[in-house]
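The numbers in numbering that gives the first Met the number 0 rise by one with no breaks, and the one at position 712 of the sequence shown is 711. Don't be surprised by glycine CBs; every beta carbon is placed ideally from N, CA and C.
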Amino acid sequence: MKKTDQFSNYFKPGAFAIALCLGLGHLKAQTIIPIETANNALVLQAGSNKDVNTIFFGKKLANKQEYAQVAGQYKQTSDYTGQLNSIYTPSGSRNLVEPAITVTHADGNNSLDLKYVDHTVTAIDDNVSLLKIRLKDPVYNFEVTMFYKSFYKQDVIEQWTEIKHNEKGEVVLHKYASANLHLKSPHFWLNQYHGDWAKEMQPEQSEITHGIKTLDSKLGTRANLFQPSVFMISMDKPAEENEGNVLYGALEWSGNFKIDLELDYQDNLRIIAGMNNYASPYSLKPGEVFATPAFLYTFSDQGKGAASRKLQNWARNYKILNGKGDRLTLLNNWEATYFDFNEQKLAELLKDTKKLGVDFFLLDDGWFGNKYPRNSDNAALGDWQENKQKLPNGISSLIKEADQAGTRFGIWIEPEMVSPKSELYEKHPDWVVKQPKRPEYYFRQQLELDLSNPKVQDFVFGVIDGLMTKNPKLAYIKWDCNAVIYNAYSAHLKNQGHFYIDYVRGLYSVLQRIRAKYPAVPMMLCSGGGGRVDYGALQYFTEFWPSDNTDPLERIFMQWEYSYFYPAISSSNHVTDWGKQSIKFRTDVAMMGKLGFDIVVSKLPHEELQFCQEAIKNYNEVKPIIWHGDQYRLANPRSGSVASMLYVNEQKTAGVIFNYLVNYRYEEGSKYPIKLNGLDAAKKYQIKEINLFPGTKSSIDSTKTYTGDFLMKVGFNPNLNNNRTSVVLKFEEVK
Ligand code: GLA
């Protein structure tokens, strides 16, 4: 390797381009690898020295040949290593910045270099292709394969790696990112999220400064409780809804993650994303393959709205289970009864399900445990047998009752967990995650089962399989996960460094087995609220529970933020008694995704019940648009007194707009028209208010017609005011 110093410009990108023009023999061997999607390109280059670097990321160029000339247009400071833009920065050789991979070889040596071997591109179908790039250490028998799965129409890339070696003994992986991106822009802005129970998805925006900003989780399970892995990077200036350059990123992993955003001394942004290496040095045997989860990203030069529609479209088509299918509306008993119910009470609730007009009844926590009955959250997790006092005739009889009542039945379960007060704990203390020499410490009075242990995986699979085999008509499962991991330790694993990773792999293996046998049963991904919402898990689930906080005002804000990353079809929104708003307001907000109810129907005053029944009928009409249409954020509740969200079908012939007043000060209201989006300018539309409370009249004249042009340039006023805090509008093309 040629030694360089600050006076040498050998490694300046500009010098590369000039050398190429001169046709210097040793640089001829450059290989350019473009990954192009409908609008964007990520361009990689294997240099003459076989380093593979990123040379372009952004809106694609018309002429592929010109990618080689991009670097020459940047006159930034020297890259002494020639490696700042490595596609997978190794450490211990010439690297000076945050690595993507760090290893200790079988002989104890800590250095790694990775050189281009070859690459292949496979077209999976018309829209999806897979690029594989093989990299190898010239000194050690150590190899990394980079995978880039690109989705052309959606402008989405999933990126991951496989690491393997054939050294004479085990190699220890200290860091093993999924992706290592390199972006160029004069400024970078980060949108990130933080939270806690009932406060999920709180956004923050800041300009990225030099050094490393890390987004991470060390919670093991319920990993997103304080911070999810989803984020946005705006280039140049903060992206707006309909303008600006913005990248969305997310790790498809339900455990500890680490995303380092390093603004380097050249002023470029390096994004190194993967599983968290915290307390997780991983030993790899010769020949064994270590696969990292996918890091997912999309880029838009037309703002956050376009980026989110790309991601939502991708998720429905390729990731979320049954993303293009239907969903079931429901009545849940959690807030209606908590742990206090019996067969008779449930039979009444089953009838209410039918009366309300939703698709099924969901029995929540509290149905199990006999030696230690589940009458509060301090016992019985793990003992998944029906409590004989509450349910003397078991779940099967409830399913029969549901059948008779003309509805269906679903159930809550938290299968990864164990209560210290449970028969399971007494029988299998070695299955429990806890430190052998330290006192136990609880989160919500419970502990995890050690899913790195195949016997525990069999048990968890067996619990679900048992429920489904005994009750083939079970219509739905709500899979909860209410604790984080304290005292991480597995009695099964020899190497504790593997625990956090093998736990999640164990969980996925169970979910794969469940899906192999029960491909279609709808399952909700719940984690004490939104503690586990990620695309690693969502491939096994039809929907997620955003938060236990169902106060509709809070939900407007939360659902808004989730919607940047997840499609409405996956967001379970329930009408509950949280919040001070009317039943209309609560129902309108819950309709913006997958609608459910968690209220005592029998206690609803007549008009409220009538309203709910009508609203469900309306929902059944518009739900295909909400679930499968395009979503446009029209008025951001964080920047004004009004929130407005629009969904339109693919043909742009029909849609629905949800409008809310989020500030109740004197004379607040929708003072200005709200500009619609996503319509056909040439089409004519009629707008009608739906979800009217019995006895009220709409102030919207539904006989008027407007062109799409008018509605998108001038807008439409939903007439929000202190008496009309929630207005749902349906629009349709008129010919
Ligand atoms: C968690 C879930 C709730 C409910 C309770 C039951 O908090 O998020 O929806 O199921 O558990 O204990």
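Any heavy atom of the ligand GLA inside 7 Å of the beta-carbon of Asp50?
no
I'd like the ranges of any beta strand (DSSP E) spanning at least 3 consecutive residues and lying wholly in the segment 313-344.
Qualifying beta strand (DSSP E) stretches, in chain order: 329-331.
According to DSSP, is Tyr247 part of a helix, a strand, or is it coil?
strand
Going by alpha carbons, who is nearest to Phe596 out of Ile463, His605, Pro604, Gln612?
Gln612
Hey, how far is the Cα of Gln75 from the Cα of Ser184?
Cα-Cα distance, rounded: 11 Å.
Would you report the Cα separation of Pro237 and Tyr192, rounded to the nearest angstrom?
Roughly 16 Å separates the two Cα atoms.
Let's see if you can read the secondary structure: which residues bound the beta strand (DSSP E) around Pro33?
30-35
Find out if the Cβ-Cβ distance for the pair Pro414, Ile484 is shorter than 8 Å.
no
Can you determine whether any heavy atom of the ligand GLA sits closer than 7 Å to the C-beta of Cys525, and answer yes or no?
yes
Tell me, to the nearest whole angstrom, how far the beta carbon of Gly133 is from that of Val116; I am working on the premise that it is less than 8 Å.
In the sequence as displayed, the identity of residue 133 is Arg instead of Gly. Going by Cβ atoms, the distance from Arg133 to Val116 rounds to 4 Å, so yes, they are a contact pair.
State buried or exposed for Thr213, treating a residue as buried only when at least 16 other CB atoms are found within 10 Å of its CB.
exposed
Taking only heavy atoms of the ligand GLA into account, decide whether any of them is closer than 7 Å to the Cβ of Asp363.
yes
Out of curiosity, what's the CA-to-CA distance linking Leu23 and Gln68?
Residue confidence for Leu23 is low, a pLDDT of 34 falling below 50, so the modelled location carries little weight; the figure read from the coordinates is stated next. Going from the Cα of Leu23 to the Cα of Gln68 covers about 16 Å.
Taking the straight line between their C-alpha atoms, what separation do you get for Lys27 and Phe56?
With a pLDDT of only 47 at Lys27, under 50, the local geometry of the prediction cannot be trusted, and the value read off the model is given with reservation. In a straight line, the C-alpha of Lys27 is about 23 Å away from that of Phe56.
Here's the rule: buried if 16 or more other CB atoms are within 10 angstroms of the residue's CB, otherwise exposed. What is Arg723?
Residue environment analysis places Arg723 among the buried positions, since at least 16 neighbouring C-beta atoms fall within 10 angstroms of its C-beta.
Any idea if Lys703 is buried or exposed, counting beta-carbon neighbours within 10 angstroms, 16 or more meaning buried?
Exposed, since its Cβ has fewer than 16 Cβ neighbours within 10 Å.
Tell me where the alpha helix (DSSP H) around Arg554 begins and ends.
551-562
To which residues does DSSP link Ala409 through a beta bridge?
Just to set this straight, residue 409 is Gly in the shown sequence, not Ala. BP columns for Gly409 point to Leu361, Tyr475.
Taking just the CA atoms, how far does Asn244 sit from Asp300?
4 Å
Would a C-beta distance cut-off of 8 Å place Val574 and Ile624 closer than the cut-off?
no
One question on the structure: do Ala482 and Arg315 come within less than 8 Å of each other, judged by their Cβ atoms?
No. Outside cutoff.
At which residues does the alpha helix (DSSP H) containing Asn740 begin and terminate?
What is shown of the chain runs 0 to 734, which leaves residue 740 out entirely.
Relative to the C-alpha of Ser601, which residue among Pro419, Ser110, Leu355, Ser149 is closest?
Leu355
Counting along the chain, where does the alpha helix (DSSP H) carrying Phe617 start and finish?
Here the sequence assigns Asn to residue 617, which means Phe is not the residue at that position. Counting along the chain, the alpha helix (DSSP H) containing Asn617 begins and ends at 605-627.
Do Gly528 and the ligand GLA come close, with the Cβ less than 7 Å from some heavy atom?
yes
Can you give me the C-alpha to C-alpha distance between Leu41 and Pro33, rounded to a whole angstrom?
When rounded, the distance between both Cα atoms is 6 Å.
Does Tyr502 come out as helix, strand or coil in the three-state DSSP assignment?
Of the three classes helix, strand and coil, the one that applies to Tyr502 here is helix, per DSSP.
Leaving out five residues on either side along the sequence, give the residues of the same chain with a beta carbon under 6 Å from the beta carbon of Lys687.
Ser701, Lys729
Less than 8 Å between the CB atoms is what I'm expecting for Leu83 and Val96, so what's the real figure, rounded?
6 Å
Which term fits Glu620, buried or exposed, when burial requires 16 or more other beta carbons within 10 angstroms of its beta carbon?
exposed
Examine the ligand GLA and report whether any of its heavy atoms sits within less than 7 Å of the Cβ of Asp479.
yes
What residues in its chain sit with their C-beta under 6 Å from that of Asn321, if we drop five residues either side in the sequence?
Thr541
Could you give the residue range of the beta strand (DSSP E) that holds Tyr761?
Residue 761 is absent from the model: the chain starts at 0 and stops at 734.
Helix, strand or coil for Met644 per DSSP?
Three-state result, Met644: strand.
With a Cβ-Cβ cutoff of 8 Å, do Asp576 and Ile555 count as a contact?
For Asp576 and Ile555, no; Cβs fall outside 8 Å.
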